[in-house]
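See structure below.
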Amino acid sequence: IFFSFQGRKLSEESTDESEEEDTEEEPKLKYERLTNGVTEILQKDAASCMTVHDKFLALGTHFGKVYLLDIQGNVTQKFEISPVKINQISLDESGDHVGICSEDGKVQVVGLYTREGFHENFDCPIKVVALHPQFSKSNNKQFVTGGNKILLYERNWLNRWKTSVLHEGEGNITNVKWRANLIAWANNVGVKIYDISSKQRITNVLQDNTNLRPDMYPCSLCWKDNTTLIIGWGSSVKICVVKERDPTEMRDLPSRYVEIVSAFETEFFISGLAPLADQLVTLYYVKENSEQMEEEFRTRPRLDIIQPLPEGCEEISSDALTVRNFQENQCRDYRLEHSEGEPLFYIISPKDIVVAKERDQDDHIDWLLEKKKYEEALMAAEISFKNIKRHDVQKIGMAYINHLVERGDYDAAARKCQKVLGKNMDLWENEVYRFKTIGQLKAISQYLPRGDLRLRPAIYEMILHEFLKTDYEGFATLIREWPGELYNNMAIVQAVNEHLKKDPTNSMLLTTLAELYTYDQRYDRALEIYLKLRHKDVYQLIHKHNLFSAIKDKIVLLMDFDKEKAVDMLLDNDDKISMDKVVEELKDRPELLHVYLHKLFKRDHHKGQKYHERQISLYAEYDRPNLLPFLRESMHCPLEKQKQNCHNFVHLLKIKNKYIEISIHTLN
């Protein structure tokens with residue numbers, strides 16, 4: 081129905097580049113044709129006017145018929161008014177009464193449910209009619225009609241109709257709008273506003289372009305609120321505000337006056353106006369000159385949203401509408417009506433009625449998806465998930481994942497799976513197999529569920545096997561990060577052992593295998609590997625899992641790896657590995673035995689007393705500076721034995737060592 085070109089300021093000349101950028105802007109309105117009963121009506125007849133109530137629509141035709149329609153365009157009532165064109169229909173606020181006027185001078189003001197009211201035939205075409213907004217509730221039942229003059233009708237206390245001429249002498253009345261106590265009408269010269277409460281005409285806004293024929297380019301009037309009138313005539317727009325006059329300035333002047341707060345020219349001819357918050361919806365009739373032909377040709381009408389400024393306006397959006405038979409229409413053939421209850425705008429032309437409405441969040445998401453702005457679409461859906469009706473957050477997320485995969489951004493696609501797939505296990509498994517098919521299991525591995533929510537063990541094993549084939553480091557990382565219960569531990573252990581047959585010294589595989597044994601509580605196997613690798617975690621493993629019974633025959637290995645840590649651990653846990661057992665294991669490694677006994681002596685001079693005699697020779701050989709302190713502090717080795725051991729040691733070495741000589745001297 082429409083082609084959108086957005087965001088152009090009227091004062092700027094667009095370039096190809098800016099037009100290209102403009103097409104990327106999101107439309108402000110969406111459009112649909114009014115169908116159902118309207119389609120059949122306009123095939124045989126043509127629309128001449130329409131008015132909008134919150135509950136229903138009233139359509140007038142060129143063949144003198146009035147149809148009441150529901151919001152979907154279905155006919156609920158039909159009235160045969162005249163054999164000629166219906167010029168205008170007016171409804172009061174309640175929707176109980178309707179005013180109708182036609183080209184043959186007929187005027188009817190009746191109750192829709194009673195058919196009682198005013199019926200009159202005039203000797204001239206009646207172009208406009210307007211009911212008092214509170215017609216149904218008021219006692220005097222006021223309304224106005226306009227042909228070559230504007231007439232006010234009201235019932236007097238005798239229930240008879242009284243007629244008053246509000247104005248005449250300036251040509252045909254082409255439009256009238258009644259809001260609260262103010263009546264605005266347009267004739268060939270300008271726009272008048274009449275205050276029904278004070279019975280005073282308070283302003284006269286003249287037409288700017290007098291060269292335009294009023295019957296071909298009629299004036300558009302629209303009340304934004306009870307005091308703001310919007311006037312569109314030709315290519316000119318004026319926004320007028322009715323204000324109260326200061327009592328000191330009144331004299332013979334009306335109690336109210338009009339201030340024009342905004343006035344500007346538009347690019348095209350105006351066929352209708354409607355308010356949208358602080359903006360304007362404007363229906364334009366567009367004529368252009370062909371380069372090949374001298375005559376003008378008619379293009380599609382445009383519906384613009386503009387932002388009025390004090391001395392101009394800014395175009396917010398502009399949509400060209402493909403209404404039926406637009407090539408044959410003139411400015412006077414188009415009308416714009418709007419609903420007061422919600423922002424609905426009806427574009428009426430002889431053979432088509434198009435409904436424009438503000439785009440909702442679903443429409444916003446549609447546009448984002450169309451432009452492949454999936455991240456923004458997903459965010460919009462998450463924020464408005466309670467309000468969207470046609471979209472599903474997860475489906476949008478899946479579309480985003482598909483887009484990222486197609487683009488080759490596999491890591492981003494995998495990362496989105498966490499957020500989008502949530503607790504849907506079927507979707508998770510489908511995505512894992514898709515990533516396997518495209519050779520990107522590694523990308524999704526770090527984002528798989530691993531907490532209370534888990535996939536089948538086969539899924540995790542499939543990924544581990546993939547890493548084991550191509551990336552030992554990545555495999556080791558997953559084993560460290562994934563809880564062991566996610567997969568069949570034995571199956572993975574077997575797979576690692578198969579790889580170790582080809583590369584038995586691979587430290588990374590061996591370390592990972594030790595971790596797998598630890599998960600499987602086969603700590604002795606893990607301990608063997610850690611000791612073989614001299615791995616720093618060996619002591620933590622022993623403490624954490626109380627593996628002291630498993631290391632009784634591995635004390636030398638532990639000491640070779642880290643003497644200090646090993647001795648501290650043995651001394652701290654002498655209730656689990658006895659001192660005698662340690663001495664026995666270290667008997668063939670006197671240098672290690674000395675380290676153990678020395679630390680034992682430092683902690684407790686009496687605990688290892690039965691080994692003090694042996695320690696004299698160990699100090700003499702491996703730690704001579706500490707020999708004298710040991711001899712001084714030990715109370716469990718006889719002096720003669722100490723002297724004999726020192727002499728024997730000197731004789732054996734056939735040297736004179738100053739520490740030993742000092743020790744002998746001290747003993748003597």
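Numbering (the working numbering), first residue to last: 81 to 748. A virtual CB, placed ideally from N, CA and C, is assigned to each residue, including glycine.
Asked	Found
The alpha helix (DSSP H) enclosing F555, as first and last residue numbers	Y552 to E561
Backbone CA spacing between K279 and A260 [nearest angstrom]	14 angstroms
C-beta contact flag for Y702 and E664 at 9 angstroms	no
Beta bridge counterpart(s) of P709 as assigned by DSSP	Beta-bridge pairing links P709 to no other residue.
Three-state class that DSSP yields for V269 in the structure shown	coil
Three-state class that DSSP yields for Q520 in the structure shown	coil
Alpha helix (DSSP H) segment containing K606, residue limits	Reading off the sequence, residue 606 comes out as Ala, not Lys. Y603 to L613 is the span of the alpha helix (DSSP H), which, as asked, contains A606.
Option nearest D604 by Cα separation, candidates A630, R669 and P163	A630
Classification of F465 by the beta-carbon crowding that lies within 10 angstroms, buried from 16 upward	exposed
DSSP three-state assignment for R694, whether helix, strand or coil	helix
Beta-carbon proximity check, W302 vs H418, cutoff 9 angstroms	In the sequence as displayed, the identity of residue 302 is Cys instead of Trp. Yes; because the gap between Cβ atoms is below 9 angstroms, this pair is in contact.
Limits of the unbroken alpha helix (DSSP H) element including F681	P670 to R683
Three-way DSSP call (helix, strand, coil) for F136 in this model	coil
Reference M130, options S277, K145, E120 and K124, closest by Cα	K145
Same chain only: Cβ atoms within 6 angstroms of G312, ignoring 5 sequence neighbours per side	S300, I350 and L353
Beta-carbon spacing of L580, L566 below 9 angstroms	no
From L458, H483 and V485, residue whose alpha carbon lies closest to that of D472	L458
V636 versus D654 - alpha carbon distance	16 angstroms
Euclidean distance between Cα positions of S128 and P381	17 angstroms
Rounded separation between I273 and V338 - CA only	9 angstroms
Bridge partners - F159, DSSP secondary structure assignment	V146
Reference Y599; option with closest CA among I622, L638, K632 and I559	I559
Exposure label - R683; buried when at least 16 CB within 10 Å	exposed
Alpha helix (DSSP H) segment containing H199, residue limits	Segment G197 to N201 is the beta strand (DSSP E) holding H199; no alpha helix (DSSP H) there.
Cα-Cα separation, I169 to Y193	16 angstroms
Closer than 8 angstroms: C411 CB and nearest the ligand NAD heavy atom	For the structure depicted, the ligand NAD is absent and the ligand set is empty, with no information on it obtainable.
Neighbour-count burial assignment, K357, 16 or more Cβ in a 10 Å radius	For clarity, residue 357 is Ala in the given sequence; the question names Lys instead. Exposed is the call here.
Residues near T156 by beta carbon distance below 8 angstroms, same chain, minus five either side	F136, L148, L149 and D150
Of the listed residues V317, L292, S316 and K323, nearest to N306 (C-alpha basis)	K323
Meets three-Cβ-pair contact criterion under 8 angstroms: the stretch 237–245 and the stretch 171–190	no
Within 9 angstroms, strictly: CB atoms of D288 and S335	no
Cβ contact check for the stretch 254–271 and the stretch 205–215: 3 or more pairs under 8 angstroms	yes
Same chain only: Cβ atoms within 6 angstroms of G477, ignoring 5 sequence neighbours per side	L458 and V500
Rounded C-alpha distance that separates F681 from L638	20 angstroms
Among G153, D413 and I253, nearest to A126 - alpha-carbon criterion	D413
Residues near E160 by beta carbon distance below 8 angstroms, same chain, minus five either side	G144 and K145
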